[in-house]
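Student: Our numbering puts the last residue of the sequence shown at 1723; the count rises by one with no breaks. Every residue, glycine too, gets a C-beta built ideally from N, C-alpha and C.
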Amino acid sequence: MNTTGPGRIGYGVRMNPSHEFALAYDVAVVGGGLAGLLSALLLARAGRAVVVLEARQVGDGTTGHSTGKVSLLQGTKLSRVLRSHALPIARQYVEAGREGQAWLRHYCAEHGMPVEGRHATTYATTAAGERRARAELDAAQAAGLDAVWTDETELPFAVRGAVRLEDQLQVDPRAVLDALLDDVRAEGGEVREEARVVGVRRHGSSVRITTADGTGLSAGAVVVATNQPILDRGLFFARLQPERSYAATLSGTWVPEGMHLSSDDDTRSLRSARGTDDDGGDGGDEALLMIGGAGHVTGRGPASEHRARLLAWAGEHFPEGEVRATWSAQDQAPVAALPYAGPVLPGEHRIQVVTGFDKWGFSTAPAAALVVAAELLGGRRPGWAEALRTWAPPRVRAAARTGIANAEVGWHLACGHLRRPFAQDRPPLCTHLGGVLAWNDVEESWDCPLHGSRFAADGTVLEGPATRPLTR
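1. Tell me whether the stretch 1483–1500 and the stretch 1348–1365 touch, counting them as touching only if at least three CB pairs, one residue from each stretch, are closer than 8 Å.
2. What residue ranges within the stretch 1389–1423 form continuous beta strand (DSSP E) runs of no fewer than 3 residues, ordered along the chain?
3. Within 10 angstroms of the Cβ of Arg-1382, are there 16 or more other Cβ atoms? Answer buried if so, exposed if not.
4. Closest to Asp-1582 by C-alpha separation, out of Thr-1372, Ala-1592, Leu-1621 and Glu-1494, would be which residue?
5. List the residues that DSSP assigns as beta-bridge partners of Phe-1706.
6. Hey, how far is the Cα of Asn-1478 from the Cα of Gly-1607?
7. With distances taken Cα to Cα, identify the nearest neighbour of Val-1693 among Ala-1636, Val-1435 and Ser-1579.
8. For the alpha helix (DSSP H) that contains Ser-1290, what are its first and last residues?
9. From which residue to which residue does the beta strand (DSSP E) around Pro-1585 run?
10. For Glu-1494, which three-state DSSP category applies?
11. Please report the distance separating the alpha-carbon of Thr-1504 from that of Ala-1708.
12. Which first and last residues belong to the alpha helix (DSSP H) in which Glu-1567 is found?
13. Look at the Cβ atom of Gly-1703, then the Cβ atom of Thr-1462, and state whether they are nearer than 7 Å.
14. Taking the alpha carbon of Gly-1552 as the point to measure from, which residue in Asn-1691, Leu-1329, Glu-1305 and Val-1332 has its own alpha carbon closest?
15. Within 10 angstroms of its Cβ, does Pro-1597 collect 16 or more other Cβ (buried), or is it exposed?
16. Relative to the C-alpha of Ser-1523, which candidate in Ala-1291, Ala-1386, Leu-1713 and Gly-1543 has its C-alpha closest?
17. With a 10 Å radius around its C-beta and 16 neighbouring C-beta atoms as the bar for buried, classify Glu-1714 as buried or exposed.
18. In three-state DSSP terms, what is Arg-1436?
19. Going straight from the alpha carbon of Gly-1287 to that of Thr-1615, what length do you get?
20. If you drop the 5 nearest sequence neighbours on each side, which residues of the same chain put their C-beta closer than 6 Å to that of Ala-1384?
21. Assuming contact is defined by CB atoms lying nearer than 7 Å, are Pro-1617 and Trp-1354 in contact in what I supplied?
22. Taking all protein chains shown into account, do 16 or more other C-beta atoms lie within 10 angstroms of the C-beta of Tyr-1405, making it buried, or fewer, making it exposed?
23. Using a 10 Å radius around the Cβ and a threshold of 16 neighbouring Cβ atoms, would you call Gly-1380 buried or exposed?
24. Which residues does DSSP list as the beta-bridge partners of Glu-1367?
25. Going by other Cβ atoms of all chains shown within 10 Å of its Cβ, with 16 needed for buried, is Arg-1334 buried or exposed?
26. Excluding the five sequence neighbours on either side, which residues of its own chain have a C-beta within less than 6 Å of the C-beta of Arg-1369, listed in chain order?
27. Quick check: the Cα distance between Gly-1526 and Glu-1403, rounded to an integer number of angstroms?
28. Could you give the distance in angstroms between the alpha-carbon of Gly-1282 and the alpha-carbon of Asp-1434?
29. For Gly-1315, is the classification buried or exposed, using 16 other Cβ atoms within 10 angstroms of its Cβ as the cut-off for buried?
30. Checking the sheet assignment: what are the DSSP bridge partners for Val-1474?
31. Quick check: Gly-1326 and Pro-1424, are their CB atoms within less than 7 Å of each other?
32. Measuring only the C-alpha atoms, how far is His-1668 from Tyr-1497?
33. Considering only their Cβ atoms, is the gap separating Val-1278 from Leu-1294 smaller than 7 Å?
34. Taking the beta strand (DSSP E) that Ala-1545 falls in, what are its first and last residues?
35. Among Thr-1500, Asp-1464 and Leu-1431, which residue has its Cα nearest to the Cα of Met-1541?
36. Please confirm if Val-1595 has its CB atom under 7 Å from at least one CB of chain B.
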């Protein structure tokens, strides 16, 4: 069984080792995932000199480990949005997703990439799950989706019913990243892998960027697209909750025609995939079942137990299936339910942030990229961009009202430091804000229960907001 996940497509600087990079650009994009590459492509197509700075390799982060669902029906997302926001904002969020979905559909068709049309469902197997699903149906219809209730699904186990939405998409995440990377470079953009950004600061009319190896770059503007923003300005680390979840592919078992996500307490995701050489993703001839779930706040609870819970569920429902690959990914859940795309601080338009896609980056990252491109090119912001604003007063108030995430952060920080003098193994402290790290026994990493920073066993940074490696 492959436990490394759906592989990588990384090829950046190492493809051109003799290439001399510039030190000044119109725009620097920090992060080589879907949102970063999309932003870079839109800006490069507009004639801007663009560089993408990726801390590891393109495909190593959240996008490369995504399940690749491109759906406007997103579990119970819209009913959660309506708990904190008025109906017009929920409608704008749907329009943003519709715009992003249409852009991605057209882009994939342009490049001859397989785009599989699928229906999507939010299904329930418990009474509590059914209540959530029916609330999501009401929210979806109010927000402008042609969703319907159905008592029957194709799922090979009993359900209490489901919300269904037609004409959604599923894609191969790595194929999309591959095409975007090629296109950014074809438009004159540069991509630097293994270039971890450790500093971004205003310097007169430009922005100075510093990488871990001491390289200094200058740009007219910066787009920070690093899953969790690496900048403490804007306090986005306090407005997001980092979550890890797990996925697996199974062969020799039932494969769905649609894309399914449960509304139960412990969510489960199902879609089809095609086998590859490493059996972790799309592209081959063998039909596979891809499952996901067992999500939890990063750094809290033994990772092996979370993954085991997902695999036990797979064994119970698909006993004939053979697990071919397992992997995990990290997402940012905004406490106010909506993603962010815009200035890092009010009026600070030279530094843009995109974050908080909450497992739905393939649906909303294209819209976020369109927003920041409009900001930096002086174009008109679409009306639906209001739902993605970084500093809309209602969203700031909603985040302030949602104190649970940060109360838990404070509890983990206090308890961790109280335990630390008496701990025999002396776990290291996060280089972001000093949280006591937890050992991830699945991925052999040190994970921070405060804001989701992760470090390899040798101390190198895997996930931000931390930018500095561990010191023992």
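Tutor: So, from the listed chains and residues:
1. Taking 8 Å as the limit for Cβ pairs, the verdict is that the stretch 1348–1365 does not touch the stretch 1483–1500.
2. Fully enclosed beta strand (DSSP E) runs of 3 or longer: 1399–1401 and 1412–1421.
3. Against the sequence shown, residue 1382 aligns to sequence position 131. Burial call: exposed.
4. For the purposes of this step, residue 1582 is taken as the residue at position 331 of the sequence shown. When only C-alpha atoms are compared, the closest one is Glu-1494.
5. Here residue 1706 corresponds to residue number 455 of the sequence shown, with the count starting at 1. For Phe-1706, the beta-bridge partners assigned by DSSP are Trp-1697 and Val-1712.
6. Indexing the sequence shown from 1 puts residue 1478 at position 227. Indexing the sequence shown from 1 puts residue 1607 at position 356. Straight-line Cα distance between these residues: approximately 7 Å.
7. Locating residue 1693 in the sequence shown gives position 442, where the first residue counts as 1. For Val-1693, the nearest C-alpha among the options comes from Ser-1579.
8. As a first step, residue 1290 is located in the sequence shown; it is residue number 39 there, counting from the start. Ser-1290 -> alpha helix (DSSP H) spans 1285–1296.
9. As a working note, residue 1585 is residue 334 in the sequence shown. Looking at the DSSP string, the run of the beta strand (DSSP E) that includes Pro-1585 is 1573–1585.
10. Within the sequence shown, the letter at position 243 stands for residue 1494. When secondary structure is reduced to three states using DSSP, Glu-1494 falls in the strand class.
11. Taking the sequence shown and counting its residues from 1, the one referred to as residue 1504 is at position 253. Taking the sequence shown and counting its residues from 1, the one referred to as residue 1708 is at position 457. Whole-angstrom Cα-Cα distance: 36 Å.
12. Here residue 1567 is taken as the residue at index 316 of the sequence shown, counted from 1. Here the alpha helix (DSSP H) through Glu-1567 covers 1554–1568.
13. One-based indexing of the sequence shown puts residue 1703 at position 452. One-based indexing of the sequence shown puts residue 1462 at position 211. Cβ distance not < 7 Å, so Gly-1703 and Thr-1462 don't count as in contact.
14. In the sequence shown, the residue the question calls residue 1552 occupies position 301. For the options Asn-1691, Leu-1329, Glu-1305 and Val-1332, the alpha carbon positioned closest to that of Gly-1552 is the one of Asn-1691.
15. As a position in the sequence shown, residue 1597 is number 346, starting the count at 1. Exposed is the call here.
16. Translated into positions along the sequence shown, residue 1523 becomes position 272. Measuring from the Cα of Ser-1523, the nearest candidate turns out to be Gly-1543.
17. Indexing the sequence shown from 1 puts residue 1714 at position 463. Label assigned to Glu-1714: buried.
18. The sequence position of residue 1436 within the sequence shown is 185, counting from 1. Look at Arg-1436 here: in three-state DSSP terms it is helix.
19. What you label residue 1287 is simply residue 36 of the sequence shown in a count that begins at 1. What you label residue 1615 is simply residue 364 of the sequence shown in a count that begins at 1. Across the structure, Gly-1287 and Thr-1615 are spaced so that their CA atoms are roughly 13 Å apart.
20. For this step, residue 1384 is matched to residue 133 along the sequence shown. If you ignore the 5 residues before and after Ala-1384, its C-beta comes within less than 6 Å of the C-beta of Thr-1373, Ala-1375, Val-1414 and Ser-1514, all in its own chain and listed in chain order.
21. Locating residue 1617 in the sequence shown gives position 366, where the first residue counts as 1. Locating residue 1354 in the sequence shown gives position 103, where the first residue counts as 1. Contact: yes.
22. Working through the sequence shown from its first residue, we reach residue 1405 at position 154. It should be noted that the sequence gives Glu, not Tyr, for residue 1405. In summary, Glu-1405 is exposed, with fewer than 16 beta-carbon neighbours lying within 10 Å of its beta-carbon over all protein chains present.
23. Counted from its first residue, the sequence shown places residue 1380 at position 129. Gly-1380 should be labelled buried.
24. Within the sequence shown, numbered from 1, the residue matching residue 1367 stands at position 116. Glu-1367 is bridged to Gln-1421.
25. Locating residue 1334 in the sequence shown gives position 83, counting from the first residue. Exposed: under 16 other Cβ atoms inside 10 Å.
26. By 1-based counting over the sequence shown, the position of residue 1369 is 118. Within the same chain, Arg-1369 has close Cβ partners Gln-1419, Gln-1421, Gly-1509 and Met-1510.
27. On the sequence shown, residue 1526 is found 275 positions in, with the first residue counted as 1. On the sequence shown, residue 1403 is found 152 positions in, with the first residue counted as 1. Roughly 29 Å separates the two Cα atoms.
28. What you label residue 1282 is simply residue 31 of the sequence shown in a count that begins at 1. What you label residue 1434 is simply residue 183 of the sequence shown in a count that begins at 1. Their backbone Cα atoms lie some 16 Å apart in a straight line.
29. Your numbering for residue 1315 matches position 64 in the sequence shown. The Cβ neighbour count for Gly-1315, taken over all protein chains shown within 10 Å, is at least 16; the residue is labelled buried.
30. Within the sequence shown, residue 1474 is the residue found at index 223, counting from 1. Bridge partners of Val-1474: Val-1280 and Gln-1603.
31. Against the sequence shown, residue 1326 aligns to sequence position 75. Against the sequence shown, residue 1424 aligns to sequence position 173. In this structure, Pro-1424 does not lie closer than 7 Å to Gly-1326 by Cβ.
32. Along the sequence shown, one-based indexing puts residue 1668 at 417. Along the sequence shown, one-based indexing puts residue 1497 at 246. Below a pLDDT of 50, predicted positions are generally treated as unreliable, and His-1668, at 47, falls in that range; the measurement from the model is reported next regardless. One C-alpha to the other measures close to 29 Å.
33. As a position in the sequence shown, residue 1294 is number 43, starting the count at 1. As a position in the sequence shown, residue 1278 is number 27, starting the count at 1. In this structure, Val-1278 lies closer than 7 Å to Leu-1294 by Cβ.
34. Position 294 of the sequence shown holds residue 1545. From DSSP, the beta strand (DSSP E) with Ala-1545 extends over 1538–1548.
35. One-based indexing of the sequence shown puts residue 1541 at position 290. The option with the nearest alpha carbon to Met-1541 is Thr-1500.
36. Within the model displayed, chain B is absent; a lone protein chain is all it includes.
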